[in-house]
Amino acid sequence: MIELRELVLGDARAMPGIYTPEAVRYLGRPPMGPTEALFRTRQALTPPTGPPRDHVLGITADGELVGIATLHQRSDTSAAVSYLLRPDTWGRGYATLAVSHLLDLARCLGVTRVHARHHPDNPGSGRVLIKAGFVPTGERGGFRTYVARTP
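The sequence shown stops at residue 153 when you use this note's numbering, and every number in between is there.
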């Protein structure tokens, strides 16, 4: 069973297994080590105080943390989504479910426009976005861009 939930401090142990060299290949960042994992987990546990704010959720499969999904709320009406899964879980629909959940969260928060992007060499990410309801808008800064409007 797939579930999105708030992170807990113990999730820091699983994060280096998510932010692997293979998983971050197109993100322009290095893999995550234990120190950064603990810092990022603590940061995610700090309650947001106002835009910009990040709503960071853990993606679990059968109770095990396998990914991270984030709604980056930039204003009261605009946000972006990001997601990352452990490579051994790719292709199972987890990212599509997570992004759909983030769109539901955006809707609940009153966000009307949600952006996303992916590297052109990562077409699987584009398929995730389209299945979740995003529409391609072009390219910018070397990335393919998308938007979803929430009613």
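For glycine and all other residues, C-beta sits at the position ideal for the given N, C-alpha and C.
- prompt: For V130, which of helix, strand or coil comes out of DSSP?
  reply: For the purposes of this step, residue 130 is identified with residue 128 of the sequence shown, where counting begins at 1. Helix.
query: Beta carbon of T79, beta carbon of A134: below 8 Å?
result: For the purposes of this step, residue 79 is taken as residue 77 along the sequence shown, with counting starting at 1. For the purposes of this step, residue 134 is taken as residue 132 along the sequence shown, with counting starting at 1. Cβ distance not < 8 Å, so T79 and A134 don't count as in contact.
- request: Sort W92, E24 and L73 by Cα distance to A46 and report the nearest one.
  value: Position 44 of the sequence shown, counted from the first residue, corresponds to residue 46. Distance from the Cα of A46 is smallest, within the candidate group W92, E24 and L73, for L73.
task: Kindly give me the distance between the Cβ atoms of G69 and T91, rounded to whole angstroms, as I take these residues to be in contact under 8 Å.
output: For this step, residue 69 is matched to residue 67 along the sequence shown. For this step, residue 91 is matched to residue 89 along the sequence shown. Indeed, because the Cβ distance is near 7 Å, the residues count as touching under 8 Å.
message: For a minimum of 4 consecutive residues, which ranges assigned as the alpha helix (DSSP H) are wholly contained in the stretch 41–117?
response: With a minimum length of 4 residues, the continuous alpha helix (DSSP H) runs that stay inside the stretch 41–117 are 96–110.
query: To which residues does DSSP link R142 through a beta bridge?
result: On the sequence shown, position 140 is the one that residue 142 refers to. According to DSSP, which records beta bridges pairwise, R142 is partnered with F145.
- prompt: Do T147 and R119 have their C-beta atoms closer together than 8 Å?
  reply: Along the sequence shown, read from residue 1 onward, the residue named residue 147 stands at position 145. Along the sequence shown, read from residue 1 onward, the residue named residue 119 stands at position 117. Contact: yes.
- prompt: Going by beta carbon distance, what residues of the same chain come within less than 8 Å of E24, once the five residues before and after it are set aside?
  reply: Looking up residue 24 in the sequence shown gives position 22. Same-chain partners within the cutoff: P89.
message: Please classify Y28 as buried or exposed, where buried requires at least 16 other C-beta atoms within 10 Å of its C-beta.
response: Within the sequence shown, numbered from 1, the residue matching residue 28 stands at position 26. Here Y28 is exposed, its C-beta having fewer than 16 other C-beta atoms within 10 Å.
query: Does the beta-carbon of T51 have 16 or more other beta-carbons within 10 angstroms, so that it is buried, or is it exposed?
result: In the sequence shown, counting from the first residue as 1, residue 51 sits at position 49. Exposed, because fewer than 16 other Cβ atoms sit within 10 Å of the Cβ of T51.
message: Within 10 Å of its beta-carbon, does M34 have 16 or more other beta-carbons around it, so buried, or fewer, so exposed?
response: Indexing the sequence shown from 1 puts residue 34 at position 32. A residue is called buried when at least 16 other Cβ atoms come within 10 angstroms of its Cβ; M34 meets this threshold and is buried.
- request: Within its chain, find whatever has a CB closer than 7 Å to the CB of V130; leave out the 5 residues flanking it on each side and keep chain order.
  value: The residue you call residue 130 lines up with position 128 of the sequence shown. Excluding sequence neighbours, V130 sits near A97, T98 and V101.
query: Start and end of the alpha helix (DSSP H) containing P18?
result: Numbered from its first residue, the sequence shown carries residue 18 at position 16. M17 to I20 is the extent of the alpha helix (DSSP H) around P18.
- prompt: Do H121 and V149 have their C-beta atoms within less than 8 Å of each other?
  reply: In the sequence shown, residue 121 corresponds to position 119, counting from 1. In the sequence shown, residue 149 corresponds to position 147, counting from 1. Taking 8 Å as the Cβ cut-off, H121 and V149 do not qualify as a contacting pair.
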